[in-house]
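With UniProt numbering applied, the sequence shown covers 1 to 331.
For every residue, glycine included, the Cβ atom is placed at its ideal position computed from N, Cα and C.
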Amino acid sequence: MKAILFTTAGEPEVLQLAEVPQPTIQTPTDLLIRLKAAGINPIDTKLRRRGTFYPEKMPAILGCDGAGIVEAVGSDVKHFQVGDPVYFCHGGLGGHPGTYAEFAIVDERWVAPKPTSLSFEAAAASPLVLITAWEALYERGRLEAGRKVLVHAGAGGVGHIAIQLAALKGASICTTVGSAAKADFVRQLGADQAILYKQTDFVQATLDWTDGEGVELAFDTVGGATFAQTFPAVQIYGDLVTILEPDPTTKWKIARDRNLRISLELMLTPMLRGLTDLQRHQAQILAECARLFDEGKLQVHVSQSFPLAEAAAAHRLLEQGSIAGKVVLTI
């Protein structure tokens with residue numbers, strides 16, 4: 001089969017189209033999936049630049065997100081059959097081959113039926129950002145109806161899903177964006193307030209929006225200086241969830257003075273640690289989101305798609321930043 005391999009860390013050019021053996025079913029609960037599309041995420045570009053979590057297993061195939069059709073099933077598979085359209089988040093971290101390929105082997109426990117209303121490209125764009133936003137808001141942030149939420153980078157891959165999930169929970173949402181066009185985009189998704197952070201102090205704008213109190217929950221998808229800058233925008237005894245590792249130089253005084261509850265969200269932990277119950281839980285999140293997609297309550301925005309052979313170009317685009325929604329490979 002054709003796949004995108006990289007043998008050493010580096011610039012996008014290290015991603016090369018190659019012919020590799022087609023994977024085969026290894027355990028009774030495996031599915032062989034003929035991939036139709038693969039989502040590209042920032043974790044892919046980070047691993048390409050610095051190397052995977054399993055350097056001893058090079059060359060590697062990147063890509064956690066995939067959507068395709070079940071081609072064959074293991075002897076104990078109970079929930080899927082040949083011909084079923086599916087989507088999933090699994091592999092691509094170096095230990096297990098990823099989705100930048102024509103086929104993938106995935107245990108049925110980590111897979112969900114593809115939303116019937118989505119194309120394969122849109123479905124492949126969805127899993128990692130769905131799980132990340134769901135866990136961050138609903139599980140880490142304990143979001144409830146009536147609360148006020150700040151979502152950073154609301155037009156981004158995780159951010160544009162987070163806005164919709166917060167709105168579905170009955171929250172009021174403000175979000176930071178980089179342009180007027182993105183402000184229009186996030187309002188269509190359910191944001192009540194769009195803050196043009198390049199022109200406006202987002203902390204003051206958030207405090208003005210909340211009558212000086214701050215939001216009950218802030219979701220940081222940007223990291224860096226933005227994380228600590230967000231502390232005064234959060235209500236006393238409020239929650240701040242981040243998907244990035246806080247900088248070692250972070251000054252925590254404001255967070256401590258405000259009794260903030262800080263949570264870290266990394267949806268890759270179950271895969272990295274082999275936590276099967278939590279991997280199954282994440283597949284259940286995808287199944288629930290499939291229902292929301294098909295009921296017209298959730299959407300995913302694909303900014304641009306590239307053929308598999310142009311994975312390097314896709315990585316370059318993602319690393320330029322300022323992308324609204326997601327970038328996808330078609331296979």
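{"Item": "Straight-line gap, Pro232 to Ser172 (C-alpha atoms, nearest Å)", "Value": "19 Å"}
{"Item": "Where the beta strand (DSSP E) containing Pro42 begins and where it ends", "Value": "That residue, Pro42, is in no beta strand (DSSP E); its alpha helix (DSSP H) goes Pro42 to Arg50."}
{"Item": "Best match in Gln188, Ala166, Lys198 and Gln164 for proximity to Thr176 [C-alpha to C-alpha]", "Value": "Lys198"}
{"Item": "Those residues which DSSP pairs with Ala3 across a bridge", "Value": "Ala18 and Ala101"}
{"Item": "Among Leu128, Ala166 and Ile131, nearest to Ala145 - alpha-carbon criterion", "Value": "Ala166"}
{"Item": "Reference Leu244, options Asp220, Ile331, Thr24 and Arg256, closest by Cα", "Value": "Asp220"}
{"Item": "Under the three-state DSSP convention, the category Pro127 falls into", "Value": "helix"}
{"Item": "Three-state class that DSSP yields for Cys289 in the structure shown", "Value": "helix"}
{"Item": "For Gln299, the nearest candidate out of Ala283, Lys36, Ala112 and Leu189 (CA to CA)", "Value": "Leu189"}
{"Item": "Where the beta strand (DSSP E) containing Gly68 begins and where it ends", "Value": "Asp65 to Val73"}
{"Item": "Rounded Cβ spacing between Gly63 and Gly95 (contact assumed at less than 8 Å)", "Value": "Their Cβ separation, rounded to whole angstroms, is 13 Å, which puts Gly63 and Gly95 out of contact at 8 Å."}
{"Item": "Cβ pair count under 8 Å reaching 3, the segment 252–265 against the segment 78–95", "Value": "no"}
{"Item": "Buried or exposed by the 16-neighbour rule on C-beta atoms within 10 Å, applied to Leu182", "Value": "Checking the displayed sequence, the identity of residue 182 turns out to be Lys instead of Leu. Burial call: buried."}
{"Item": "Which of helix, strand or coil DSSP assigns to Asp76", "Value": "coil"}
{"Item": "Validate contact between the segment 122–140 and the segment 225–241 using beta carbons, cut 8 Å, 3 pairs", "Value": "yes"}
{"Item": "Beta-bridge pairing of Gly39 - partner residues as DSSP gives them", "Value": "Asp65 and Val328"}
{"Item": "Glu108 and Val328 closer than 7 Å at C-beta", "Value": "no"}
{"Item": "Gly159 (DSSP reduced to helix, strand or coil)", "Value": "helix"}
{"Item": "Inter-residue Cα distance where the pair is Thr116 and Ala290", "Value": "8 Å"}
{"Item": "Residues near Val203 by beta carbon distance below 6 Å, same chain, minus five either side", "Value": "Pro232 and Ala233"}
{"Item": "Anticipated Cβ contact below 8 Å, Gln235 with Glu265, distance rounded", "Value": "Gln235 to Glu265, Cβ: 20 Å. No contact."}
{"Item": "Cα-Cα separation between Pro246 and Asp84, rounded to whole angstroms", "Value": "41 Å"}
{"Item": "Beta-bridge pairing of Asp107 - partner residues as DSSP gives them", "Value": "Asp30"}
{"Item": "Delimiting residues of the alpha helix (DSSP H) encompassing Gln188", "Value": "Ala180 to Leu189"}
{"Item": "Under the three-state DSSP convention, the category Ala60 falls into", "Value": "strand"}
{"Item": "Beta-carbon proximity of Thr8 to Leu318, cut-off 7 Å", "Value": "no"}
{"Item": "Rounded straight-line distance, which links the Cα of Val20 to that of Val215", "Value": "51 Å"}
{"Item": "For Ile285, the nearest candidate out of Ala311, Ile131, Gly325 and His152 (CA to CA)", "Value": "Ile131"}
{"Item": "Residue closest to Gly74, alpha-carbon to alpha-carbon, out of Pro113, Gly91, His90 and Leu31", "Value": "Leu31"}
{"Item": "Exposed unless 16 or more other CB atoms sit within 10 angstroms - verdict on Asp201", "Value": "exposed"}
{"Item": "Contact check, Val302 vs Ala125, beta carbons under 7 Å", "Value": "yes"}
{"Item": "Segments assigned alpha helix (DSSP H), at least 4 residues, entirely inside the segment 170–257", "Value": "180–189, 202–209, 225–229 and 253–257"}
{"Item": "Which residues DSSP lists as bridging Ile262, in chain order", "Value": "Leu240"}
{"Item": "Tyr54 (DSSP reduced to helix, strand or coil)", "Value": "coil"}
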